[in-house]
Amino acid sequence: MIRWLTGIALAVGALVPAGGAIRAEALLRANGHFLKWKSPSNGSDTVISYAVLSGPFELPNDKTLSPDNCGSMHAFSDIVAKSPEVSVQLAKQELKAAFAAWEKAAALTFVEVEDASRANIVIGAAHSPAGRAFANLRVKSVESQTPVSRGLGKFDPEKALSLEKSGDDNESDFIAIEQAYVCLSPQSRWKVGLDGNIGIYDLRYTFTHEIGHAIGLDHPGRSGAVMAYRYEERVQQLTPSDVSAVQKLYGSRQ
Ligand SMILES: [Zn+2]
77 MIRWLTGIAL AVGALVPAGG AIRAEALLRA NGHFLKWKSP SNGSDTVISY AVLSGPFELP
137 NDKTLSPDNC GSMHAFSDIV AKSPEVSVQL AKQELKAAFA AWEKAAALTF VEVEDASRAN
197 IVIGAAHSPA GRAFANLRVK SVESQTPVSR GLGKFDPEKA LSLEKSGDDN ESDFIAIEQA
257 YVCLSPQSRW KVGLDGNIGI YDLRYTFTHE IGHAIGLDHP GRSGAVMAYR YEERVQQLTP
317 SDVSAVQKLY GSRQ
């Protein structure tokens, strides 16, 4: 087993407990290593591509991946199937705003691409959602030196590995993320804008949270940050905890 996946779910929080403890920062780990996208050694922005699904997308048949957790995805437009007041165009606009929030917080640039099989982050609707929103990460085990023959569509694992091999030694504490998946439930209602009703999640907030996982961030605690695992509306933008975490992985914007 060379590849494995980490499933991270946004908790379906009905109530927001007051004053959850927040650690300074929280990063996803595997085997004691942080997970991140490969950064250029010259100090310029880490460029991460993403694709918005226009049709079905299947992840490889990996036993470690729950079928409920982005294992099978649909077109992005399906996310708002039960949200008549949110157009697909508006949902896409909120997705872009979520990427922009992370770009503002750290030396990151997100670029949209057409081909989902080659995109770093794939975004769409969940096929059989057990919750409202998820992120999954594919990473390469540091123990492995052998490329995997099992591909993902046109995704070329050889190329992905060669990119990682060009890395700096000083990044040995990190494992490179190979591909990440963000899926939202088309069976949930979504909204745009915070209105205090935490029974319906705001799209921008949810995208920002899940993209945070897709770039290597973990939950710092229960509440008080966008990356906290409870959905809450008193947090309306990235907090110092969120910013500190992303800057630890990708550096601050110069
Ligand atoms: Zn989460």
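Position 199 of the sequence shown, counted from 1, bears residue number 275 in my numbering, the numbering being contiguous throughout.
Built from N, CA and C at the ideal position, the CB exists for glycine as well.
Check	Outcome
What span of residues does the beta strand (DSSP E) with alanine 127 cover, start to end?	122-128
With which residues is lysine 267 paired in a DSSP beta bridge?	Asp278
Find the nearest neighbour of alanine 106 within the set Ser120, Leu293, Thr122, judged by alpha-carbon distance.	Leu293
Return the first residue and the last residue of the beta strand (DSSP E) that valine 215 is part of.	209-216
Could you tell me the boundaries of the beta strand (DSSP E) in which glutamate 170 lies?	Note, glutamate 170: premise wrong, no beta strand (DSSP E); alpha helix (DSSP H) at 164-181.
In the structure shown, what three-state DSSP assignment does histidine 109 receive?	strand
Kindly indicate which residue of Gln255, Val187, Thr185, Arg329 has the alpha-carbon position closest to the one of lysine 216.	Gln255
Under the assumption that glutamate 188 contacts valine 128 (Cβ atoms under 8 Å), give the Cβ distance between them as a whole number of angstroms.	7 Å
Identify, in the order they occur along the chain, each residue of the same chain with its Cβ nearer than 7 Å to the Cβ of valine 319, setting aside the five sequence neighbours on each side.	Ala181
Three or more C-beta pairs closer than 8 Å, one from the segment 207-214 and one from the segment 256-264: is that the case here?	yes
Check whether the segment 184-198 and the segment 300-307 are in contact - that is, three or more C-beta pairs closer than 8 Å.	no
Closer than 7 Å: is that where the CB of tyrosine 305 sits relative to any heavy atom of ligand 1?	yes
Confirm, please, whether the CB-CB distance from isoleucine 287 to leucine 325 is below 8 Å.	no
Would you tell me roughly how many angstroms separate the C-alpha atoms of arginine 310 and isoleucine 274, rounded to the nearest one?	10 Å
Between the C-alpha atoms of threonine 185 and alanine 206, what's the straight-line distance to the nearest angstrom?	31 Å
Report whether the distance from the Cβ of histidine 109 to the nearest heavy atom of ligand 1 is below 7 Å.	no
Cβ of histidine 289 within 7 Å of any heavy atom in ligand 1?	yes
Could you give the C-beta distance for leucine 375 and alanine 177, rounded to a whole number, given that I count them as a contact under 8 Å?	As displayed, the chain neither begins before 77 nor continues past 330, which places residue 375 out of reach and without an answer.
On the three-state DSSP scale, how would you describe isoleucine 253?	strand
Mapping DSSP to helix, strand and coil, what is threonine 284?	helix
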